[in-house]
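Chain order of the listed sequences is V and A.
Per this note's numbering, the first sequence starts with residue 1, numbered consecutively.
Per this note's numbering, the second sequence starts with residue 1001, numbered consecutively.
Backbone N, C-alpha and C define an ideal beta-carbon position, used for all residues, glycine too.
These numbers were taken from a predicted model, which means no experiment stands behind them.
So the structure is just underneath, and the comments pick up after that.
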Amino acid sequence: MSVKLFDIDIVISSIPKLLQYLPKSLYITFVSMIAGLFLGLIFAIVRMKKIPVLSQIIAVAISFIRGTPMIVQLYLTYNGIPLLLKYINLQYGTEYNINDVPAMLFVLITFSFNEAAYNSETIRAALMSVNKGQIEAAESLGMTYFQVLKRVIVPEALVVAIPPLGNALISLLKGTSLAFVAGVIEMTAQGKIISSSTFRFFEVYLALAIIYWVLTIIIEQILKLLEKKFSISDVHTDVQKRKWTSLFNRDREVDR
Amino acid sequence: MIKISNLSKSFQKNLIVDDVSIQIEKGEVLALIGSSGAGKSTFLRSINCLEKADCGQLDLDGFHVNFTNITKSQKLELRKQTAMVFQHFNLFQHRTALDNVKEGLKIVKKMSDKTATEIALKHLEDVGLSDRVNYYPKHLSGGQQQRVGIARALAMEPKLLLVDEPTSALDPELVGGVLSTIKATAAKGQTMILVSHEMSFVYEVADRVIFMDGGRIVEQGTPDEVFNNPKSPRTEQFLQSYKNR
Ligand SMILES: Nc1ncnc2c1ncn2[C@@H]1O[C@H](COP(=O)(O)OP(=O)(O)OP(=O)(O)O)[C@@H](O)[C@H]1O
Ligand SMILES: [Mg+2]
């Protein structure tokens, strides 16, 4: 019996096996995205406020992260953190066990900082793009800075920031395929494992590609919906009234 | 009575508003005229703390502030007592006309949604925009946007309304609607300082006119005194440049 050149059944049967590890991939994606947004906001504010020393350190870190490949950064954390622990142990006589550090932590740290570096630039640009006149109008009404931030600056900045942040999320999802470098088994690593035991490399990787593609399409659709919700169409329609602001203030519709 | 005394403001080393003092009676319309760069906008913005004045004082019905060491809470209080209409409208782009007017009522005055809506609708009706309450700024003409801006300011019931060149960003055919809105506001007894280059409008609507030049008050009086019998040659020269247009 000859071996088939291409076996679609293997593609199909690989999908559920790969999907077992989907939660891992999504976990890395969402934890890193949330940490990256939070850190990115802090980085952006530090740089906008030009806080001395801290601002320069962050600028260098961002430049480094943007200027080096992700896989190299993973190798650096994977090998660097144990080195750091060894140094601490030697220096202070502590006994941290390198093997106790979960592999996932290396991955989350690397991805979070990577996201933070890219997001901070997006967030900074979005915050700075908010029209000064609207901020002054809010101030002249007697709003506090926090109220202005919440009612005017953040909603306006979001409109600008959603598309690039969405792209960052998609790159991140695909980037999680590098986590195997640090010994974390997610979908791509699982693909390697299955394919090397069955020797059906093409079929398994095709199944993997389809999964990533579908995930990306789903995220893209969600982003499109968000974008639509957050932008105001070019012509007035009665239907669209207030759908935007309802996200931020849940007051009733006014019937007139 | 509202009193602003010895207000000065400089940018870097340039003195832009130079020791200006004015008094406004309740219900009075005070017009500020002067050539470009005279410091009119800077003066208005300093009153509202959008610019930090170097020094000066303000008395507003017993509320007193010294701009040199104004506190955060004084600043908020001052802004609650005053309201501003901007040259470029500065409406909240992601809110409808109605929500623009409601914003200060709800967030600053902490009114209920129902009360805020009622007040906002009344003010939008006053400026003739009852049929546009659910429109976003970008779906309104410049003139309509400016009238929303006026409604937003008036809804706060300011003791002093600050209006900076309300029509200079508008196409000529839209100017009339905004000017008549301001005239109606003045007729209701709203105390205001109005900066404008529309000289015939100023002549018509103002109770008192101040001519500013180089950050200082050069001349003041009734519209008739300033426009028809200017005392200072500088004022005369300025007015002449308008007649020659
Ligand atoms: N933020 C700023 N930084 C530096 N200089 C400024 C700033 N704002 C205003 N100025 C300067 O202050 C001077 C007065 O400006 P201002 O806007 O008060 O004039 P104006 O009387 O309102 O003029 P216009 O009729 O053209 O509006 C100008 O020379 C301007 O360059
Ligand atoms: Mg001006």
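Neighbour list for residue i in chain V, Cβ cutoff strictly below 7 Å
{"i": "K1138 (chain A)", "result": "I232"}
{"i": "K1080 (chain A)", "result": "G142"}
{"i": "V1195 (chain A)", "result": "Those do not exist, as V1195 (chain A) stays about 15 Å from chain V at its closest Cβ, beyond 7 Å."}
{"i": "E1025 (chain A)", "result": "Within 7 Å Cβ-Cβ: nothing; E1025 (chain A) doesn't reach chain V, min ~23 Å."}
{"i": "L1076 (chain A)", "result": "G142, T144"}
{"i": "Y1135 (chain A)", "result": "H236"}
Reduced DSSP category for residue i - H, G, I as helix; E, B as strand; rest coil
{"i": "L247 (chain V)", "result": "Confidence in L247 (chain V) is poor, its pLDDT being 48 and thus under 50, which makes the residue's placement unreliable; the coordinate value appears in the next sentence. Of the three classes helix, strand and coil, the one that applies to L247 (chain V) here is helix, per DSSP."}
{"i": "L19 (chain V)", "result": "helix"}
{"i": "T1082 (chain A)", "result": "strand"}
{"i": "V3 (chain V)", "result": "coil"}
{"i": "E253 (chain V)", "result": "Low per-residue confidence applies at E253 (chain V): pLDDT is 39, beneath 50, and the placement is therefore not dependable, though the value from the model is reported in the following sentence. Here E253 (chain V) sits in coil by DSSP."}
{"i": "R1208 (chain A)", "result": "strand"}
{"i": "G1149 (chain A)", "result": "helix"}
{"i": "K241 (chain V)", "result": "Note that K241 (chain V) scores a pLDDT of 47, beneath 50, so its modelled location is shaky; the value from the coordinates is reported in the next line. Coil at K241 (chain V), not helix or strand."}
{"i": "G1027 (chain A)", "result": "coil"}
{"i": "Q1093 (chain A)", "result": "coil"}
{"i": "M1192 (chain A)", "result": "strand"}
{"i": "Q1087 (chain A)", "result": "coil"}
{"i": "F1063 (chain A)", "result": "strand"}
{"i": "V1226 (chain A)", "result": "helix"}
{"i": "K1003 (chain A)", "result": "strand"}
{"i": "L1162 (chain A)", "result": "strand"}
{"i": "L1058 (chain A)", "result": "strand"}
{"i": "S231 (chain V)", "result": "coil"}
{"i": "K150 (chain V)", "result": "helix"}
{"i": "S1036 (chain A)", "result": "coil"}
{"i": "S14 (chain V)", "result": "helix"}
{"i": "S1008 (chain A)", "result": "strand"}
{"i": "F199 (chain V)", "result": "coil"}
Chain-ordered chain V contacts of residue i [CB-CB under 9 Å]
{"i": "V1127 (chain A)", "result": "Ordered by position in chain V, no residue passes the 9 Å Cβ test against V1127 (chain A), which lies about 16 Å from the chain."}
{"i": "I1047 (chain A)", "result": "Result: empty, since nearest Cβ-Cβ is about 10 Å, beyond 9 Å."}
{"i": "F1086 (chain A)", "result": "G133, E136, A137, S140"}
{"i": "L1050 (chain A)", "result": "E136, E139, S140"}
{"i": "M1156 (chain A)", "result": "L141, G142"}
Within chain A, partners of residue i - CB distance below 7 Å
{"i": "V152 (chain V)", "result": "F1092"}
{"i": "Q147 (chain V)", "result": "I1107"}
Chain-ordered neighbours of residue i on chain A, where CB pairs are closer than 8 Å
{"i": "Q134 (chain V)", "result": "N1090, L1091, F1092, Q1093"}
{"i": "Q73 (chain V)", "result": "Chain A residues near Q73 (chain V): none, gap ~37 Å exceeds 8 Å."}
{"i": "E227 (chain V)", "result": "Neighbours of E227 (chain V) on chain A: none; closest Cβ ~13 Å, over 8 Å."}
Residue span of the beta strand (DSSP E) that contains residue i, given as start and end
{"i": "E1219 (chain A)", "result": "1216-1221"}
{"i": "K1109 (chain A)", "result": "Counting along the chain, K1109 (chain A) falls outside any beta strand (DSSP E), and DSSP gives it neither H nor E."}
Under 9 Å by beta carbon: chain A residues contacting residue i
{"i": "A125 (chain V)", "result": "Result: empty, since nearest Cβ-Cβ is about 18 Å, beyond 9 Å."}
Residue i, enclosing alpha helix (DSSP H) - first and last residue
{"i": "N1014 (chain A)", "result": "N1014 (chain A) -> not in any alpha helix (DSSP H); beta strand (DSSP E) instead, spanning 1014-1024."}
{"i": "V1175 (chain A)", "result": "1172-1187"}
{"i": "M104 (chain V)", "result": "103-129"}
{"i": "L1140 (chain A)", "result": "L1140 (chain A) -> no alpha helix (DSSP H), and no H or E assigned at all."}
{"i": "E139 (chain V)", "result": "132-140"}
{"i": "A59 (chain V)", "result": "54-66"}
{"i": "V1127 (chain A)", "result": "From DSSP, V1127 (chain A) is part of no alpha helix (DSSP H); its letter is neither H nor E."}
{"i": "V72 (chain V)", "result": "70-92"}
{"i": "F1238 (chain A)", "result": "1233-1243"}
Under 8 Å from the C-beta of residue i: neighbouring residues of chain V
{"i": "E1103 (chain A)", "result": "A138, L141, R151"}
{"i": "A1083 (chain A)", "result": "S140, L141"}
Any 3 or more C-beta pairs closer than 8 Å across the region 1082-1096 of chain A and the region 1105-1119 of chain A: no
Three CB pairs or more closer than 8 Å across the region 1229-1237 of chain A and the region 1053-1070 of chain A: no
Interface positions of the region 1214-1229 of chain A facing chain V (Cβ-Cβ less than 7 Å), listed along the chain: none
Inter-stretch contact (C-beta, 8 Å, three-pair minimum) for the region 104-114 of chain V and the region 23-37 of chain V: yes
The region 164-173 of chain V / the region 115-122 of chain V touching (three or more Cβ pairs under 8 Å): yes
The region 172-190 of chain V contacting the region 41-61 of chain V, beta-carbon criterion three pairs below 8 Å: no
Cβ contact check for the region 1084-1098 of chain A and the region 172-181 of chain V: 3 or more pairs under 8 Å: no
Where the region 155-188 of chain V meets chain A: residues whose CB sits under 8 Å from a CB there: P155, E156, V159
Meets three-Cβ-pair contact criterion under 8 Å: the region 1203-1215 of chain A and the region 1028-1036 of chain A: yes
Stretch pair the region 125-140 of chain V + the region 157-164 of chain V: three plus CB contacts closer than 8 Å: yes
contact_flag[the region 1146-1155 of chain A, the region 1096-1104 of chain A] where n(CB pairs < 8 Å) is 3 or more: yes
Validate contact between the region 1014-1029 of chain A and the region 218-237 of chain V using beta carbons, cut 8 Å, 3 pairs: no
Contact between the region 52-66 of chain V and the region 132-152 of chain V (3+ Cβ pairs under 8 Å): no
The region 1013-1022 of chain A / the region 1209-1222 of chain A touching (three or more Cβ pairs under 8 Å): yes
Inter-stretch contact (C-beta, 8 Å, three-pair minimum) for the region 1001-1014 of chain A and the region 1042-1053 of chain A: yes
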